[in-house]
Every structure is written in structure tokens, then in C-alpha cells.
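Going by the numbering used here, the sequence shown opens with residue 1, and the numbers climb by one from there.
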Amino acid sequence: ALCFVVCSASYVNRSKPLHPTIFKNNYIWIMASVICLILVVLYLSLSVPLKHLEALPWYFFLYKILWPFICLTINEVVKKQEIKDEVRADTFRKLEFETRLGMWSPK
1 ALCFVVCSAS
11 YVNRSKPLHP
21 TIFKNNYIWI
31 MASVICLILV
41 VLYLSLSVPL
51 KHLEALPWYF
61 FLYKILWPFI
71 CLTINEVVKK
81 QEIKDEVRAD
91 TFRKLEFETR
101 LGMWSPK
């Protein structure tokens, strides 16, 4: 659940980088994320015995904490490339439209 919440932060504003826009006017996303994490923690605390968690090695917990942020970094790199591709495609569409408009405009 932590991985989904952290990665969903990248998809809140698909056309903008994450760092300036994550907590600005995203109250619905923040509340949904908090509720989701609380429900998962409650479910796990009620259903998984503590002795099962103690049997897991320490690096398992380290992996579970770090992996969402690694995914978030990868998502941001991919988003930056998609933004660059979209700007290039938009420039091409604008140039193509202006060329066609100029071809048919009266002189």
C-alpha cells in the first residue's frame, strides 16, 4: 500500500514535476492516502501475528521502505521524458497547423 500511495503522488499532476506541486491543493489525494495507509496498518495489525513479523530479516523492512521511493524516482524520470516528448509533439502540431493555414490563406 505504501508503494501505491507514493507512486500515486507522481500521477496527481501528470504534466508537471512532482516537487513543486505535491501538496498544493491536493487535499483529496492527501486524505485518500492517509485513510488508505491507516486501513492497511489496522488490517495488518489485526490479522498478522507479531511472531511472524519478528521472523523476517531486517533487510526485508529496509527494502519495503526504500522500494516505493525508488519507484517514485523512476516514475519522475519517465515523466520528465514524456513531458519532453509532448512538448516536441506540440511544437510539431503547431508548425503543421500554421503551415496548412498559411497555404490556404488569401494573399
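Heads up, the beta-carbon is just placed ideally off N, CA and C, and yes, glycines get one too.
Go ahead and pull the three-state DSSP assignment for residue i.
{"i": "Asn75", "result": "helix"}
{"i": "Lys16", "result": "coil"}
{"i": "Ala32", "result": "helix"}
{"i": "Pro49", "result": "coil"}
{"i": "Ala55", "result": "coil"}
{"i": "Ala9", "result": "helix"}
{"i": "Ala1", "result": "coil"}
Please report how far the alpha carbon of residue i lies from the alpha carbon of residue j, in whole angstroms.
{"i": "Ile38", "j": "Glu96", "result": "51 Å"}
{"i": "Thr73", "j": "Glu82", "result": "14 Å"}
{"i": "Lys16", "j": "Leu50", "result": "42 Å"}
Apart from the five residues just before and just after residue i, which ones in its own chain have a Cβ nearer than 8 Å to its Cβ?
{"i": "Ile70", "result": "none"}
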